[in-house]
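Using the numbering used here, the first residue of the sequence shown is number 2, and each one after it goes up by one. Heads up, the beta-carbon is just placed ideally off N, CA and C, and yes, glycines get one too. In what follows, a single structure is set out as structure tokens and then discussed.
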Amino acid sequence: MAQPGAIDFRFRILGPDGSAVTEFDPIHDRELHLIVARRELTGFWHVHPRREADGTWTIQLELPEAGAYRVFTDIAPRALGRTITLGADLAIAGHYAPQQVPAVNRSTEVDGYTVTVDGELRAEGDLLTLTVHEDGVPVTDLQPYLAAFGHLVILRAGDLAYVHVHPNGEPGDGITPSGPEVSFHTAVPGPGTYRLFLDFKHDDTVRTAAFTLTTQHH
């Protein structure tokens with residue numbers, strides 16, 4: 002049980018033999034992506050801890066409020082040969098005020114940027130296109146962030162089913178534009194309400210745009 006504020010968050014990834022894993026293949030420029038989300042999906046952090054030689058990962062988290070959080074690690078252990086996601090609960094002690102999952106929205110604002118999402122979330126997969134404007138003007142000079150023009154994490158309200166997708170194309174391939182559109186082929190686990198978090202970089206700052214979408218049965 003931690004307290005709100007700065008948290009010295011430490012963890013290890015244990016392999017099938019029970020020992021700490023220290024050999025990982027990089028995924029988008031990092032050995033490990035740490036995603037932290039409030040259970041109500043009203044808070045989201047995508048950070049990159051540092052690995053010590055003994056396999057302990059460390060990072061300073063700033064979690065502002067008491068409540069129930071979930072942490073996810075995106076990793077590709079070398080011995081496994083593929084990417085997996087592991088999750089764990091993190092409780093922050095204190096006075097806790099439950100919040101509603103934010104209402105459905107296809108447009109959101111962050112720091113003067115407006116980001117809109119087109120497309121549907123479907124279990125069979127579909128194309129989602131996110132478009133970035135700044136003060137009403139299309140942004141055509143998005144900067145690469147972790148070897149992509151955007152990172153999209155999708156979490157389902159309730160069970161926190163997790164999807165992390167990287168966009169179509171990549172910076173420097175000669176065909177992928179640096180905005181205003183970033184497109185993702187996305188499939189979700191099934192019906193429900195989902196919260197989408199898009200990380201994008203512009204003017205040397207990474208920002209996160211958040212959306213709520215729903216998926217019906219087939």
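Starting from I60, follow the beta strand (DSSP E) in both directions and report where the run begins and ends.
Locating residue 60 in the sequence shown gives position 59, where the first residue counts as 1. Residues 57-64.
Write down the C-beta distance between G120 and T130 rounded to the nearest angstrom, noting that I regard them as a contact closer than 8 Å. Sequence index remark: in the sequence shown, residue 120 carries index 119 (1-based). Sequence index remark: in the sequence shown, residue 130 carries index 129 (1-based). Between T130 and G120 the Cβ distance is about 6 Å, and since that is below 8 Å, they are a contact.
**Request:** Report back the beta-carbon spacing between P50 and L64 to the nearest angstrom; my notes put them in contact at under 8 Å.
**Result:** Taking the sequence shown and counting its residues from 1, one reaches residue 50 at position 49. Taking the sequence shown and counting its residues from 1, one reaches residue 64 at position 63. Going by Cβ atoms, the distance from P50 to L64 rounds to 14 Å, so no, they are not a contact pair.
Going by DSSP, which residues form a beta bridge with T216?
-> Counting from one through the sequence shown, the residue named residue 216 turns up at place 215. Under DSSP, T216 forms a beta bridge with G193.
Residues in its own chain within less than 7 Å of Q217 by CB, not counting five upstream and five downstream?
Translated into positions along the sequence shown, residue 217 becomes position 216. Spatial neighbours of Q217 in its own chain (CB-CB distance under 7 Å, excluding positions within 5 residues in sequence) are listed in chain order as P192.
A3, DSSP secondary structure in three states: On the sequence shown, residue 3 is found 2 positions in, with the first residue counted as 1. Correct three-state label for A3: strand.
Whole-angstrom Cβ separation of T213 and P139, contact assumed at under 8 Å? One-based indexing of the sequence shown puts residue 213 at position 212. One-based indexing of the sequence shown puts residue 139 at position 138. In this structure T213 does not touch P139 by the C-beta definition: roughly 24 Å separates them, more than the 8 Å allowed.
query = Under 7 Å between the Cβ atoms of A188 and H29?
reply = Counting from 1 along the sequence shown, the entry for residue 188 is found at position 187. Counting from 1 along the sequence shown, the entry for residue 29 is found at position 28. No, Cβ-Cβ distance for A188 and H29 is not below 7 Å.
Worksheet item: Where does I14 sit, in a helix, a strand or coil, going by DSSP?
Response: Counting from 1 along the sequence shown, the entry for residue 14 is found at position 13. Assignment of I14 by DSSP, reduced to helix, strand and coil, places it in the coil class.
**Prompt:** Between which two residues does the beta strand (DSSP E) harbouring Y146 extend?
**Reply:** For this step, residue 146 is matched to residue 145 along the sequence shown. Y146 -> no beta strand (DSSP E), and no H or E assigned at all.
_Mapping the DSSP letters down to three states, classify T84 as helix, strand or coil._
As a working mapping, residue 84 is identified with position 83 in the sequence shown. Residue state for T84 is assigned as coil, using DSSP reduced to three classes.
ask   = What separation, rounded to the nearest whole angstrom, lies between the Cα atoms of Y146 and A38?
value = Residue 146 sits at position 145 when you count from the first residue of the sequence shown. Residue 38 sits at position 37 when you count from the first residue of the sequence shown. Distance from the CA of Y146 to the CA of A38, rounded to the nearest whole angstrom, comes to 20 Å.
Margin query: Run through the DSSP bridge pairs and tell me what R31 is partnered with.
Written below: Looking up residue 31 in the sequence shown gives position 30. I28, per the DSSP bridge assignment.
Contained beta strand (DSSP E) runs [length at least 3] in the region 65-128, N- to C-terminal order: Taking only runs of at least 3 residues, the beta strand (DSSP E) segments lying wholly in the region 65-128 are 68-76, 85-93, 108-111, 114-119.
Practice task
Pick out whichever of A94, K202, G175 has its Cα sitting closest to the Cα of G6.
Solution key: The sequence position of residue 6 within the sequence shown is 5, counting from 1. Closest by alpha carbon: A94.
(request) For the beta strand (DSSP E) holding H152, just list the boundary residues, first then last. (result) To locate residue 152, count along the sequence shown from 1; it is residue 151. From DSSP, the beta strand (DSSP E) with H152 extends over 152-157.
Practice problem: Count the other C-beta atoms from every protein chain shown that fall within 10 angstroms of the C-beta of P27, then say buried if there are 16 or more, exposed otherwise. | Solution: For this step, residue 27 is matched to residue 26 along the sequence shown. With fewer than 16 other Cβ atoms within 10 Å, it is exposed.
Query - Distance, D55 Cα to F25 Cα - result: Taking the sequence shown and counting its residues from 1, the one referred to as residue 25 is at position 24. Taking the sequence shown and counting its residues from 1, the one referred to as residue 55 is at position 54. So the alpha carbons of these two residues sit roughly 13 Å apart.
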